[in-house]
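Input: a single structure, listed below in structure tokens.
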Amino acid sequence: MSLIDENDTSLTREDAINQVIASIASEELSLSCLINAEGEKLQSILGTLPGATGASATIEEVLEANRSISQVLASVAENQTTLSNKLKNVLSSAILTGPTGPTGPPGSIQIFGIQAKLRKQGGLPLRNGGTILFDDVPTMVGSAIAYDETTGVFTLSQSGYYRVDWWATIDGADSTRGIVLALNVNEEMHSRAVAPPVTSQVSGSALVVVDATPENPATLSVTNASQEEITFEADIDLQANIVIMVIPI
Numbered sequence: 741m742s743l744i745d746e747n748d749t750s751l752t753r754e755d756a757i758n759q760v761i762a763s764i765a766s767e768e769l770s771l772s773c774l775i776n777a778e779g780e781k782l783q784s785i786l787g788t789l790p791g792a793t794g795a796s797a798t799i800e801e802v803l804e805a806n807r808s809i810s811q812v813l814a815s816v817a818e819n820q821t822t823l824s825n826k827l828k829n830v831l832s833s834a835i836l837t838g839p840t841g842p843t844g845p846p847g848s849i850q851i852f853g854i855q856a857k858l859r860k861q862g863g864l865p866l867r868n869g870g871t872i873l874f875d876d877v878p879t880m881v882g883s884a885i886a887y888d889e890t891t892g893v894f895t896l897s898q899s900g901y902y903r904v905d906w907w908a909t910i911d912g913a914d915s916t917r918g919i920v921l922a923l924n925v926n927e928e929m930h931s932r933a934v935a936p937p938v939t940s941q942v943s944g945s946a947l948v949v950v951d952a953t954p955e956n957p958a959t960l961s962v963t964n965a966s967q968e969e970i971t972f973e974a975d976i977d978l979q980a981n982i983v984i985m986v987i988p989i
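This is the structure in structure tokens:
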């Protein structure tokens with residue numbers, strides 16, 4: 741059954757693009773939940789899941805769980821590439837990058853966004869408290885978000901609701917505390933993403949409410965909050981990705 745009435749002429753090109761962006765955000769959220777579930781599965785196998793009881797897993801069970809989780813993460817990484825390309829195409833469409841038109845009526849919405857990637861840190865460490873320095877910005881729509889590659893800090897100069905999705909592939913950690921990446925707003929932790937201390941993709945999503953102006957902007961960054969040094973996965977050409985979208989108030 742079609743979700744769109746073919747006889748409904750009220751659906752504009754902008755409405756369609758907004759629906760595609762919303763579907764991408766929904767898929768990203770689903771992937772985050774899937775990765776979290778895989779992390780809890782491994783914690784359960786290793787006996788580190790809080791509240792879990794039962795006999796210790798055998799070596800064979802641990803290896804089988806690792807193979808299963810690796811397959812899931814590989815599928816997630818492939819899906820992330822597809823979603824990234826889809827979002828890039830949507831954000832660069834004519835409806836978003838065309839010439840500035842007249843001010844719309846009250847209640848109209850215009851979406852701005854930025855995508856940044858990390859490509860040059862494979863095999864390199866990130867100290868505890870260190871900021872991810874995304875080194876490639878393939879997409880930027882509008883001027884509400886600026887980025888400084890030397891500090892890894894995004895500057896938000898417009899009030900609104902900011903949807904933030906990020907992930908990084910980390911080559912394990914030395915302790916049992918796990919890998920923790922923190923999303924910071926105005927240098928304070930807003931939310932965090934957690935993964936087991938094994939080679940895995942750490943991902944997170946957040947909705948951030950920002951009160952900002954060009955004269956008094958807000959800042960946003962992703963940092964290592966694992967209480968120890970972590971290392972980016974060496975055998976891939978894309979170590980991390982972040983997408984920030986804003987719907988003005």
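In terms of my numbering, the sequence shown has 975 at position 235, counting the first letter as 1, and numbering is strictly consecutive.
A virtual CB, placed ideally from N, CA and C, is assigned to each residue, including glycine.
Counted as a single uninterrupted DSSP element, the beta strand (DSSP E) harbouring SER943 occupies residues 939-950. Distances from the alpha-carbon of ILE809 to those of GLU800, ILE775, THR821, THR822 put ILE775 closest.
With respect to the 7 Å criterion, ILE987 and ILE764 are not classified as neighbours on the basis of their beta carbons. Membership of PRO878 in the beta strand (DSSP E) is indicated by the continuous run 876-881. The continuous beta strand (DSSP E) containing GLY853 extends over residues 852-858. Residue nearest to VAL925 within the set THR963, ALA817, PRO937, GLN861 is THR963 (criterion: CA-CA distance). By the beta-carbon neighbour count (other beta carbons within 10 angstroms, threshold 16), THR953 is exposed.
Taking 8 Å as the upper bound for CB-CB distance, ALA965 and ALA908 are not in contact here, some 12 Å apart. Put simply, of ALA777, PRO957, ASN758 the residue whose alpha carbon is nearest the alpha carbon of ASN829 is ASN758.
Apart from sequence neighbours up to five positions away, the residues of its chain that approach PRO957 with a beta-carbon distance below 7 Å are THR895, LEU896, SER897, ordered along the chain. Straight through space, the alpha carbons of ILE799 and VAL949 are spaced by roughly 46 Å.
Nearest in C-alpha terms to ALA935, of all of CYS773, ALA762, GLU768, is CYS773.
Classified as buried, ALA933 has 16 or more neighbouring CB atoms from the shown chains inside 10 Å of its CB.
Annotation for ARG903: the continuous beta strand (DSSP E) segment containing it runs 900-911. As computed with DSSP, SER931 is found in a beta bridge with LEU923.
Listed in chain order, the non-local C-beta contacts of SER961 below 6 Å within the same chain comprise THR871, GLY892, VAL893, ASN924, local neighbours out to five positions each way being set aside. Minimum Cα-Cα distance from VAL802 among the listed residues VAL812, GLN783, ALA817 corresponds to GLN783. Residue nearest to MET929 within the set GLY869, VAL760, LEU858 is GLY869 (criterion: CA-CA distance). Pairing GLU889 with ASP875 gives a Cβ-Cβ distance under 7 Å.
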